[in-house]
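Q:
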Amino acid sequence: MKRSSTGRGRRRKFDEIVGVFHQDMYRYALWLSRNKAIAEDVVQEALLRAWKSLDALRDTAAAKPWLLTIVRRENARFFERRRLETVDIDNLAPSQEAMLAEVPDEQLEDLREAISELEDDYREPLVLQVLMGYSTNEIAALMELKQGAVLTRLHRARLKLKDCVERREARR
Amino acid sequence: MKKTDDMTNCEQYREKIGGDPHYEGDGAHLAGCATCQDYRAAMQALDGEILRALSVPVPKLAVPDLPEIATADVVQLPRRRLTAPAWLAIAASITVAVTVGFLLTANNPPPPTLAEQIIDHFEHEKFSMQVSDQAVSDDRLARIVPANIVTMDQPVGLITYAQSCVINGKQVPHLVVQGDHGPVTILLLANEHIDAPQELQSGAFSGAIFPLGDGSVAIVGTDVEDLERVEQQVTSSVHWRT
């Protein structure tokens, strides 16, 4: 008699969704923390939490927002933990040189630096919209904001980046 | 740029485009305003660059060691052979029944209890059990303790940690207040009805889940903390709204 196990099915489901969304998880964690090492730790913690609560994910079509929400919580926990351990958070982020090290494109480097320098409140909705494909409604729900506030932050983030790019181009 | 009355429209339109460069509304304004057309094109081009910048290289996926999770095993039956005699089918059925029974009893431990889940979560966020005099902001507290689910009409002490957490598949407010002898964790379990208090123990910390109306409250602190007093404060303050 051949035996199949829901344990193996569970692992298969986990591997499938993580295989598809791992890049999104890492990039979201990286742009939240602005530090490669922290992003990797956050993703590891998020993967563990996702594994433990996989049964709560009824619809695999919702896997991406589910995983990103876990990443967001784990990132918040990381910094909360650091705050309570009285470590200077400013010393942890940003490690831009590490983020940019693999990129030879100078313009792209400038833009990454500018994005990295955006305030958290501006950077996160931008990442969610541009990189993760979230609608402003979805961003509002995740960040517990009104849609108008999300639109304002997105607009200001773009204006800052536009201004920054133009100023750097003018200096050249 | 369109003049006078349409100036506001240009500003409004650019705000919308700044919020979402792929915004498709206000087509009439866009059709008649070359400056806004340029602005839209510039924002869309910038977005392409932003996307490229955000798409940083990703290191190879390293999945951590995943703990065993109790799951219900199932048995895949062999394909039915049309020529098999009846006694073979009966024997196979008995084998299946015995195997399923064995697997259910031997390999399928019961799901974690509410108390076990709370201890697991408490240990995961033990870092929050810090002596502190820094209160969380009212805004944060209002977000974490949503008024449509639970209200607290009396002070329960200095709240120094507030997080929205998942216990038993439900979102619950996780607070830490400063007690007389150190930090105390409070979990407001709006939809977890229990009939009687259940003890909680995690190393040097102990506490209990107390029934409270249609829900319950978990309180965990150091062994020397007067948790009864904290419980009285919490139960007289908390009101479920669900």
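Protein chains in written order, with our numbering: chain A, 1 to 172; chain B, 1001 to 1242.
Note that beta-carbon positions come from the ideal geometry of N, C-alpha and C, so glycine has one too.
May I ask which residues mark the beginning and end of the alpha helix (DSSP H) holding A/H155?
A: Q147 to R171
Q: For the alpha helix (DSSP H) containing B/I1118, name the first residue and the last one.
A: L1114 to H1124
Q: So, using beta-carbon positions, are B/V1234 and B/V1156 closer together than 7 angstroms?
A: yes
Q: Which residues of the segment 1120 to 1140 of chain B have a Cβ closer than 8 angstroms to any Cβ of chain A? Give them in chain order.
A: Within the segment 1120 to 1140 of chain B, the residues whose Cβ lies closer than 8 angstroms to some Cβ of chain A are E1125, F1127, S1128, Q1130 and S1132, listed in chain order.
Q: Between A/Q107, A/E124 and A/R112, which lies nearest to A/E169 when the distance is taken from Cα to Cα?
A: A/Q107
Q: To be precise: take each residue of the segment 1038 to 1051 of chain B, compare its Cβ to all Cβ atoms of chain A, and keep it if any distance is under 7 angstroms. Which residues remain?
A: M1043, L1046, D1047, E1049, I1050 and L1051
Q: By how many angstroms is the C-alpha of B/S1202 removed from the C-alpha of A/D90?
A: In this prediction, A/D90 scores a pLDDT of 46, lower than 50, which makes its location untrustworthy; the coordinate-derived value is nonetheless stated afterwards. Cα to Cα, the separation comes out at about 33 angstroms.
Q: In chain A, what lies closer than 8 angstroms to B/S1055 by C-beta?
A: R27 and L131
Q: Hey, would you say B/P1173 sits closer than 7 angstroms to B/V1145, going by beta carbons?
A: Closer than 7 angstroms, so yes.
Q: Would you verify that the beta carbon of B/E1199 is, or is not, closer than 7 angstroms to some beta carbon of chain A?
A: no
Q: Please name the residue in A/D120, A/G133, A/R77 and A/R158 whose C-alpha comes closest to that of A/E45.
A: A/R77
Q: So does the segment 153 to 166 of chain A actually touch the segment 52 to 61 of chain A, counting three or more Cβ pairs closer than 8 angstroms?
A: Segment contact: the segment 153 to 166 of chain A against the segment 52 to 61 of chain A, fewer than three CB-CB distances shorter than 8 angstroms; contact not assigned.
Q: Hey, would you say the C-beta of B/R1140 is under 6 angstroms away from at least one heavy atom of the ligand SAM?
A: Of the ligands one can find in the structure shown there are none, so the ligand SAM has no counterpart to examine.
Q: Does any residue of chain A have a CB that is nearer than 7 angstroms to the CB of B/L1066?
A: Closer than 7 angstroms to some Cβ of chain A, the Cβ of B/L1066 qualifies, so yes.
Q: DSSP three-state label for B/A1208, please.
A: Strand.
Q: For B/Q1163, tell me which candidate among B/D1153, B/D1138 and B/V1230 has the shortest Cα-Cα distance.
A: B/D1138
Q: Nearest to B/L1158 by alpha carbon, out of B/C1165, B/L1141 and B/G1169?
A: B/L1141
Q: Determine the closest residue to B/T1151 out of B/D1120, B/T1242, B/E1228 and B/I1069, with distance taken between C-alpha atoms.
A: B/T1242
Q: From B/D1026, B/T1035, B/E1024 and B/R1040, pick the residue whose C-alpha is nearest to that of B/G1018; which is it?
A: B/R1040
Q: With three or more beta-carbon pairs closer than 8 angstroms as the criterion, would you say the segment 1055 to 1064 of chain B touches the segment 132 to 150 of chain A?
A: no
Q: Give the residues from the segment 54 to 68 of chain A that approach chain B closer than 7 angstroms (Cβ to any Cβ), ordered along the chain.
A: Cβ contacts with chain B: A56.
Q: From A/D120 to B/E1199, what does the alpha carbon distance come to, in whole angstroms?
A: 41 angstroms
Q: Flag this pair as yes or no: are the beta carbons of B/Q1181 and B/E1225 separated by less than 7 angstroms?
A: Checking the sequence, you will find His at residue 1181 of chain B rather than Gln. Yes; because the gap between Cβ atoms is below 7 angstroms, this pair is in contact.
Q: Would you identify the three-state DSSP class for A/S135, choosing helix, strand or coil?
A: coil
Q: Is there a Cβ of chain A sitting closer than 7 angstroms to that of B/R1241, yes or no?
A: B/R1241 does not count as touching chain A.
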